[in-house]
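By this note's numbering, the letter at position 40 of the sequence shown is numbered 57, and the numbering carries on one by one without gaps. Using N, Cα and C, we set each Cβ at its ideal position, and we do this for glycine too.
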Amino acid sequence: GDATMYRMFGLDYFDSILVTGMYKEKDVRWLEEHRNINRKEIVSVGCTYLDEFKKRIEKIPAEEDHKFTVLLSPSWGPSAILSRYGEKLLDSLQATGWNIIVRPHPQSRISEKEILDRLTSRYKDMENIIWDYNSDNIFSLKKADIMISDFSGIIFDYTFLCDKPVIYVADNIDLRPYDAYDLGKELWQFETLKKMGIKLDENNFENIAEVIKNASDSKELSEQRKIAKETAWMNIGNAGKNIVDFMIQKEESLSKKEGK
């Protein structure tokens, strides 16, 4: 996602930022200029956890007798799917008869316990509603034929690792707690999602089976996923080495300045 989706002032006073792709630089520079703060060193190193997930997910065998599976993977908070739509969306998904994996954000178990308790109780006897609270998300990612999400960063995990279509439920996220609020423009992650994802409106929940069936994996969507991956996940497979190299070089440089 975007570096400016940290909480307000979250990155302002670091000296260096190691990023997954240089698309983040422009917005960080804008904030530096308008807040009159020191210019940071920004280095593209790659993404450590995606490098590891890529190796692991490739080793997971394909399911025998695979049943079409939808992964509902929301973020948390008042703008996220479970808070805003809850039963209205899940009822429609359950009625399709497909396997529906619901993977709540870990913070939901703390901040939205009441919502989760209500929903898990409602669907406890529905065999095709599966709740995933595992710390690893790669098993659900591997099983899913399509993902439904909101503004969660897992959208990019899924598309980059699995190269499959994403449906997103668009709503107005409250950006006031984040650095992104000061930018006054659309963020890269939302702009990109419009290009590589399929928008689902609340009015289409009743016809969600048809929407999903028609979510064809077009050449255009595939190409946009490729562009997003090349932009946001640079140096694939080399992030760990790049980070260690940076730290060693930085330590040597600082030691020379201090005369050690």
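Would you say G257 touches the ligand NAD, meaning its beta carbon is less than 6 Å from a heavy atom?
In the structure shown, the ligand NAD is absent, as is every other ligand, since no ligand is present at all.
Whole-Å CB distance - I171 paired with I215, under 8 Å assumed:
Actually they are not in contact, since the Cβ atoms of I171 and I215 sit about 16 Å apart, beyond 8 Å.
Residue range of the unbroken alpha helix (DSSP H) whose run includes I260:
256-274
Close Cβ partners of D162 (< 6 Å) along its chain, the five nearest in sequence each way excluded:
F85, T86
Just how far apart, CA to CA, sit I34 and L133?
36 Å
Please report the straight-line C-alpha distance between E58 and A20, rounded to a whole angstrom.
14 Å
Entirely enclosed alpha helix (DSSP H) segments - the segment 33-114, minimum 4 residues
42-52, 65-74, 98-101, 104-111
Judging by CA-CA distance, which residue of K43, N154, D82 is the nearest neighbour of F173?
N154
Please state if the CB of A226 and the CB of T113 are separated by a distance shorter than 7 Å.
yes
Here's a check: name, in chain order, each residue in its chain whose Cβ is nearer than 6 Å to the Cβ of D29, leaving out the five neighbours to either side.
I54
Quick one: Cα of E269 to Cα of L48, how far?
29 Å
Going by other Cβ atoms of all chains shown within 10 Å of its Cβ, with 16 needed for buried, is A249 buried or exposed?
buried
Within the segment 222-255, note down every full alpha helix (DSSP H) run reaching 4 residues or more, in order along the chain.
225-230, 236-249
Determine, using beta-carbon pairs with one atom in the segment 194-214 and one in the segment 69-89, whether at least three such pairs fall under 8 Å.
no
Residues that DSSP places opposite N116 in a beta bridge:
T86
Thinking C-beta only, is V186 closer than 7 Å to I253?
no
Does the segment 114-125 come close enough to the segment 69-77 that 3 or more CB-CB pairs lie under 8 Å?
no
Do S90 and S166 have their beta-carbon atoms positioned less than 7 Å apart in this structure?
yes
If you run the structure through DSSP and keep just helix, strand and coil, what is I190?
coil
Own chain, CB closer than 6 Å to E131, minus 5 neighbours either side, in chain order
none
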